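Beneath this line is the structure, given in structure tokens, with notes to follow.
Numbering (mature numbering (1 follows the signal peptide of the UniProt record, and there is no 0)), first residue to last: -19 to -1, 1 to 101.
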């Protein structure tokens, strides 16, 4: 019986640790957007910093939406700024998600949000 209890605790502990971190435990700061280059060679740069404010190491998936002047979403992509590496509590990772989108001249505003959290 003790073996079953111990095995159950070992299986549930990682799930409980993962549940402790939520999208709201991450912050995105210092966002800078720029169109780099000219003409057909123009690419988008969307740089920022993802900060883990969770009590445990975890990674966050970020969604980037590019919008026109009316606020309509023209393009949307998601990525893991830290890749498959957990970010330690209180630590941050710099990212550039602009390379995920093809630049369009009618892109007027951009929004970034944390949509998922995972402990690798």
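The beta-carbon is built from N, C-alpha and C at its ideal position, and this holds for glycine as well.
No experiment lies behind these values; they were computed from the predicted model shown.
Nearest-angstrom Cβ-Cβ length linking residue i and residue j, presumed shorter than 8 Å
i, j, result
"residue 48", "residue 86", "Their Cβ separation, rounded to whole angstroms, is 13 Å, which puts residue 48 and residue 86 out of contact at 8 Å."
"residue 39", "residue 100", "5 Å"
"residue 4", "residue 74", "Their Cβ separation, rounded to whole angstroms, is 16 Å, which puts residue 4 and residue 74 out of contact at 8 Å."
"residue 63", "residue 81", "Not really, about 15 Å apart at Cβ, beyond 8 Å."
Cut-off 6 Å between Cβ atoms - residues of its own chain near residue i, not counting five sequence neighbours on either side
i, result
"residue 102", "This structure gives no information on residue 102, because the portion of the chain shown stretches from -19 to 101."
Contacts around residue i, its chain only, beta-carbon distance under 7 Å, and the 5 residues preceding and following it disregarded
i, result
"residue 84", "16, 23, 24, 25"
"residue 8", "32, 34"
"residue 10", "29, 30, 32"
Contacting residues, own chain, Cβ-Cβ under 8 Å from residue i (five flanking each side not counted)
i, result
"residue 55", "47, 48, 49, 85, 87, 88"
"residue 1", "35, 36, 37"
N-terminal and C-terminal residue of the beta strand (DSSP E) that residue i is part of
i, result
"residue 82", "No beta strand (DSSP E) contains residue 82, which DSSP labels as neither H nor E."
"residue 51", "No beta strand (DSSP E) contains residue 51, which DSSP labels as neither H nor E."
"residue 86", "First-last for residue 86: undefined, no H or E at that position."
"residue 90", "90 to 99"
Residues bridged to residue i (per DSSP)
i, result
"residue 29", "76"
"residue 57", "46"
"residue 14", "27"
"residue 41", "98"
Cβ-based burial, residue i [other Cβ within 10 Å; buried from 16]
i, result
"residue 41", "buried"
"residue -15", "Below a pLDDT of 50, predicted positions are generally treated as unreliable, and residue -15, at 42, falls in that range; the measurement from the model is reported next regardless. Residue -15 is exposed by the Cβ-count criterion."
"residue 67", "buried"
"residue 29", "buried"
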